[in-house]
Amino acid sequence: MSEDHKQIAGGGGQAARCGFVALIGAPNAGKSTLINQLVGAKVSIVSRKAQTTRAQVRGIAIEGDAQIIFVDTPGIFAPRRRLDRAMVTSAWGGAGDADAVALLIDARKGLDEDVEAILARLADVRAAKILVINKIDTVEPPKLLDIAAQFNERLAFDHTFMISALRGYGVETMRRQLAALMPPGPWHYPEDQISDAPMRSLAAEITREKIFERLHDELPYQSTVETDIWTELPDGSVRIEQTIFVMRDGHKKIVLGESGRTIKAIGTAARKEISEAIEQKAHLFLFVKVRENWADDPERYREMGLDFPK
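In full-length UniProt numbering, the protein residues as written are 1 to 310.
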């Protein structure tokens with residue numbers, strides 16, 4: 001664990017506990033939805049489009065005397081492109097640094113090819129292993145018991161939880177039991193902090209989520225958002241300027257929409273959510289630029305918090 005996470009930044013007292021829990025799983029297992037439920041606020045973007053989480057996102061929860069830092073990792077899948085490789089490397093990096101690793105699976109899919117590959121590698125992880133069966137409201141109870149038995153035969157999990165991240169079923173019980181697993185030690189963050197991501201990054205992620213929500217079937221993954229300017233204004237509001245990078249002129253036209261209607265709708269939805277997240281009035285200005293090879297630009301990877309794969 002890096003030295004900057006060993007600093008005492010908040011309460012806890014002698015009985016304090018603090019540790020990291022990495023959430024791993026195949027794309028669309030529900031990791032981002034779960035981390036938002038565990039923290040009690042939005043810290044990670046949620047989309048129907050798989051693989052929307054690109055870098056590790058940390059959400060911070062307090063449970064009794066324990067501070068739990070949840071690491072939402074990108075979905076683990078068979079990488080084909082440079083960006084894919086960076087995302088998968090980031091996911092396993094989060095698992096390697098954690099005190100506990102929670103494998104989240106979709107109850108409807110069970111033990112499929114993607115999860116088989118994760119299980120094989122998870123066997124070598126030394127941290128406590130947690131099985132989390134998500135979307136339990138979509139399958140019959142007997143099937144849930146079969147899934148739990150099947151996974152525990154394959155790998156010795158320390159705990160098994162059955163939850164619905166979307167509806168919140170079982171999430172409080174899971175958080176309480178995870179708190180008990182955290183090692184004794186001072187808290188790393190202040191009590192009122194819910195994420196270690198800077199607001200500039202969170203604002204960019206919110207806008208990216210709104211792009212996916214609006215253009216789920218039309219826009220490929222080759223788009224990203226960067227916050228260029230963040231200016232605190234005298235009236236207490238903030239002016240935010242962001243650039244949406246796409247790889248083709250055709251993608252730019254899709255994002256802008258006819259007479260600019262699409263980007264206006266994206267901006268309105270993003271501005272509302274950013275304002276709620278930062279608890280300030282936000283003035284959001286969006287620009288779209290074509291950068292054909294941004295997925296091969298090391299600087300873009302640094303902006304996303306990813307290592308650039310060779």
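Beta carbons are placed, not taken as given, at the ideal position from N, Cα and C, and that holds for glycine. None of the values given here were measured: they were computed from a predicted structure.
| field | Simplified DSSP state of E172, which is helix, strand or coil | value | Here E172 carries a helix assignment [DSSP, helix/strand/coil].
| request: Going by DSSP, name the residue or residues bridged to N134. | output: Answer by DSSP bridge pairing, in chain order: D106.
| Would you call the stretch 111-118 and the stretch 180-200 in contact, with 3 or more CB pairs under 8 Å? | Contact annotation: the stretch 111-118 does not touch the stretch 180-200, with fewer than three C-beta pairs closer than 8 Å.
| query | On the premise that V39 lies in contact with A98, defined as a C-beta separation below 8 Å, what is that separation, rounded to the nearest angstrom? | reply | Not really, about 16 Å apart at Cβ, beyond 8 Å.
| task | Within 10 angstroms of the Cβ of R239, are there 16 or more other Cβ atoms? Answer buried if so, exposed if not. | result | Result: exposed.
| If you draw a straight line from the alpha carbon of K289 to that of H188, how long is it in whole angstroms? | Looking at the two C-alpha atoms, the distance is approximately 39 Å.
| Would you call I137 buried or exposed, if buried means 16 or more other Cβ atoms sit within 10 Å of its Cβ? | The sequence given here places Asp at residue 137; Ile does not occur at that position. It is exposed - the Cβ of D137 has fewer than 16 other Cβ atoms within 10 Å.
| said: I'd like to know whether the C-beta atoms of G30 and L104 end up nearer to each other than 8 Å. | reply: A contact, by the Cβ cut-off of 8 Å.
| message | If you follow the alpha helix (DSSP H) that residue 312 is in, where does it begin and where does it stop? | response | Any question about residue 312 goes unanswered here, given that the chain covers just 1 to 310.
| request: Output the boundary residues of the beta strand (DSSP E) element that contains D72. | output: Unbroken beta strand (DSSP E) run through D72: 66-72.
| said: Output needed for W230: all residues of its chain with C-beta closer than 7 Å, excluding positions within five of it in sequence on either side, in chain order. | reply: Excluding residues within five positions, the ones whose Cβ falls inside 7 Å are R200, V238, I240.
| task | Following the continuous beta strand (DSSP E) through A148, name the residue where it begins and the one where it ends. | result | From DSSP, A148 is part of no beta strand (DSSP E) but of the alpha helix (DSSP H) over 141-154.
| task | Tell me where the alpha helix (DSSP H) around I254 begins and ends. | result | Unbroken alpha helix (DSSP H) run through I254: 249-256.
| query | Can you name the start and end residues of the alpha helix (DSSP H) that I274 belongs to? | reply | Bounds of the alpha helix (DSSP H) holding I274 are 261-278.
| By DSSP, does Q242 sit in helix, in strand, or in coil? | Strand, per DSSP.
| I35, enclosing alpha helix (DSSP H) - first and last residue | Where I35 is concerned, the enclosing alpha helix (DSSP H) stretches over 31-39.
| query | Skipping 5 residues on each side, what residues in its chain have a beta carbon closer than 6 Å to that of R208? | reply | Around R208: V225.
| message | For a test of the three-state rule: what should DSSP assign to F157, helix, strand or coil? | response | Assigned with DSSP and collapsed to three states, F157 falls in coil, not helix or strand.
| query | Considering only residues of the same chain and omitting the five flanking positions on each side of R48, which have a CB-CB separation below 7 Å? | reply | Note that R48 scores 47 on pLDDT, short of 50, meaning its location in the model is unreliable and no value can be drawn from it.
| request: Tell me whether D72 is buried or exposed, calling it buried when 16 or more other Cβ atoms sit within 10 Å of its Cβ. | output: D72 should be labelled buried.
| field | CA nearest to the CA of G257, picked from E276, L166, V139, R214 | value | Looking at the Cα atoms, R214 is the closest of the given residues.
| request: Keeping to the same chain, check which residues put their C-beta closer than 7 Å to that of A127; ignore five residues upstream and five downstream. | output: Non-local beta-carbon contacts of A127 in its own chain, meaning distances under 7 Å to residues more than five positions away in sequence, involve A98, D99, A100, V101 in chain order.
| request: Quick one: using the 10 Å Cβ neighbour count with 16 as the cut-off for buried, is F285 buried or exposed? | output: Exposed.
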